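First residue of the sequence shown? That's 96 in the numbering used here, and the numbers climb one at a time after it. Yeah, the Cβ is synthetic: ideal placement off N, Cα and C, and Gly gets one too. In this text, all values refer to a predicted model and were calculated from it rather than measured experimentally. Each remark here refers to the structure printed beneath this line.
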Amino acid sequence: MDKLKIAHIGTGNRGSNTYLPLIAKLKDDLELVAVCDVHEKRVAEQGEKYNVPAYTDTEQMLETEKPDFCSIVITPSNNHVPGLLCSQHGVSYCTETPINTDLKRADMMIEAAKEHGTKLEVNENYYRRPSERIKREMILQGIFGKVNVAHNDFRGHGYHGIGLIRSYVGFDNEPLQVYGFNKSYSVQDHVWRKGQPRRKKEDWLHSVIEFADGAVGIFNFTSLSYGSPLRGFNGTKFYAERGMCFRDDAVILNDDADEQRPVTITRKTNNVEGYETLAALVTDTNPEVVWENPLQNYPLSDGDITVASELMSIANAVRNDTEPEYGAYNGRKDREIDVAMGRSCSNNGAPVTFPFEY
96 MDKLKIAHIG TGNRGSNTYL PLIAKLKDDL ELVAVCDVHE KRVAEQGEKY
146 NVPAYTDTEQ MLETEKPDFC SIVITPSNNH VPGLLCSQHG VSYCTETPIN
196 TDLKRADMMI EAAKEHGTKL EVNENYYRRP SERIKREMIL QGIFGKVNVA
246 HNDFRGHGYH GIGLIRSYVG FDNEPLQVYG FNKSYSVQDH VWRKGQPRRK
296 KEDWLHSVIE FADGAVGIFN FTSLSYGSPL RGFNGTKFYA ERGMCFRDDA
346 VILNDDADEQ RPVTITRKTN NVEGYETLAA LVTDTNPEVV WENPLQNYPL
396 SDGDITVASE LMSIANAVRN DTEPEYGAYN GRKDREIDVA MGRSCSNNGA
446 PVTFPFEY
């Protein structure tokens with residue numbers, strides 16, 4: 096299978112330390128042909144490191160290198176700038192989350208991709224973690240029955256956490272309305288993150304999302320997440336017709352429906368270039384549920400798999416002329432619900448119904 100030519104836009108921390116090393120690892124599928132960034136010194140360093148041309152002008156790079164697709168990892172509010180140029184030059188692309196902070200600009204990106212016949216993938220990370228993949232696969236195969244209530248307690252902020260809730264209740268399950276409110280509390284004065292000012296206050300966002308099929312999503316987020324030892328545990332859970340899942344522990348009813356039956360998930364691995372990488376996750380349910388790692392031929396950690404699968408999603412969409420796995424619709428919907436939560440919070444918890452003006 097021919098390699099696809101990829102150009103990478105954005106050589107900040109995440110672009111340089113996560114995306115570019117993974118692109119280099121996916122050597123059987125991808126060929127890095129260029130890097131681009133407005134910061135001349137930074138992009139030059141990455142160009143030299145990977146022995147590819149370095150550009151500060153996206154349009155010039157697209158016209159000169161003619162990549163099959165691009166990965167964009169920049170400030171999200173600016174995603175539309177290189178994104179629109181890519182579509183106008185007939186180049187598909189994937190972009191880090193959110194698709195854009197501004198919904199109107201997100202719509203511009205989506206419309207431009209439609210107009211020029213290009214693909215647009217949104218690199219939602221949390222949903223793609225292997226531990227989430229097997230949960231989703233069990234839901235799709237009916238192991239739990241219908242999911243009625245899904246919680247997310249600061250397992251990812253905003254659109255990340257919402258994406259996880261939607262993965263449980265169904266990506267095609269349209270939101271009807273959102274309620275949200277903020278609360279602040281005093282906590283013990285402590286070190287939030289090393290090198291950062293100490294904190295003695297905590298701000299919470301609480302939100303309830305009602306979906307078309309009656310399911311409810313409950314989203315909680317605290318300002319002490321992402322670093323505070325006071326909030327060292329986070330996670331998701333869902334309650335369904337035949338069972339439930341708390342973090343990564345799942346239970347269903349036994350055959351007599353009088354006791355819980357824990358679901359055991361077995362991890363199968365391959366040794367690739369001396370690295371033990373995930374091959375599959377297998378449940379002991381009846382029927383057995385299997386999630387196979389499509390990238391098991393590469394020496395990747397579970398964290399690597401999430402980002403690598405984003406790159407391969409847009410690559411496969413271009414190669415096979417299919418839709419990307421997550422896609423612009425889901426990326427936009429996550430951000431739309433995120434915006435609605437904020438709007439409800441700023442209006443003392445008044446419900447925001449869909450669709451709404453923005």
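- For LYS296, the enclosing beta strand (DSSP E) covers residues 294 to 306.
- The DSSP-derived three-state label of GLU420 is coil.
- Non-local beta-carbon contacts of ASP197 in its own chain, meaning distances under 7 Å to residues more than five positions away in sequence, involve SER172 in chain order.
- For ARG288, the three-state secondary structure derived from DSSP is coil.
- Taking THR361 as reference, the option from PRO148, GLU154, SER182 and SER226 with the minimal CA-CA separation is SER226.
- For CYS340, the closest alpha carbon among the candidates HIS246, ILE409, GLY327 and SER281 is that of HIS246.
- Judged by DSSP in its simplified three-state form, GLU191 adopts strand.
- By the neighbour-count definition (other C-beta atoms within 10 Å, threshold 16), LYS230 is a buried residue.
- By the criterion of a C-beta distance shorter than 6 Å, ASP163 is surrounded in its chain by LEU99, LYS100 and VAL413, once the five residues flanking it on both sides are discounted.
- With at least 16 other beta carbons inside 10 angstroms of its own, TYR188 counts as buried.
- Straight across, the Cα-Cα distance linking TYR114 with ALA129 is about 13 Å.
- Fewer than three pairs of CB atoms, one per stretch, sit closer than 8 Å, so the region 320 to 331 makes no contact with the region 352 to 369.
- Taken through DSSP and simplified to helix, strand or coil, ARG200 comes out as helix.
- Between the region 249 to 269 and the region 294 to 314 there are three or more C-beta pairs closer than 8 Å, enough to call the two in contact.
- Residue ranges of uninterrupted beta strand (DSSP E) with 3 or more members, entirely inside the region 294 to 379 and ordered along the chain, are 294 to 306, 311 to 317, 330 to 335, 338 to 341, 344 to 348, 355 to 358, 360 to 367 and 370 to 378.
- DSSP places ASN411 inside the alpha helix (DSSP H), whose first and last residues are 397 to 415.
- Under the DSSP assignment, GLU158 falls in the alpha helix (DSSP H) whose first and last residues are 153 to 160.
- With fewer than 16 other beta carbons inside 10 angstroms of its own, ASP152 counts as exposed.
- In this structure, DSSP gives PRO116 a helical state, which the three-state scheme calls helix.
- Apart from the 5 residues on each side of it in sequence, ALA208 sits with its Cβ closer than 6 Å to the Cβ of SER182 and LEU215 in its chain, given in chain order.
- Minimum Cα-Cα distance from CYS165 among the listed residues GLY110, VAL346, VAL358 and LEU235 corresponds to GLY110.
- Beta-carbon to beta-carbon, PHE328 and ILE260 are separated by about 18 Å, too far to satisfy the 8 Å threshold.
- Burial of ALA435 is indicated by the presence of at least 16 other C-beta atoms within 10 angstroms of its C-beta.
- Around the beta carbon of ALA445, fewer than 16 other beta carbons lie within 10 angstroms, which makes this residue exposed.
- Between the region 338 to 352 and the region 268 to 279, the count of C-beta pairs closer than 8 Å stays below three; the two stretches do not touch.
- One alpha carbon belongs to PRO419, the other to GLU191, and they sit about 14 Å apart.
- Cα atoms of ASP202 and HIS285: separation of roughly 42 Å, rounded to the nearest angstrom.
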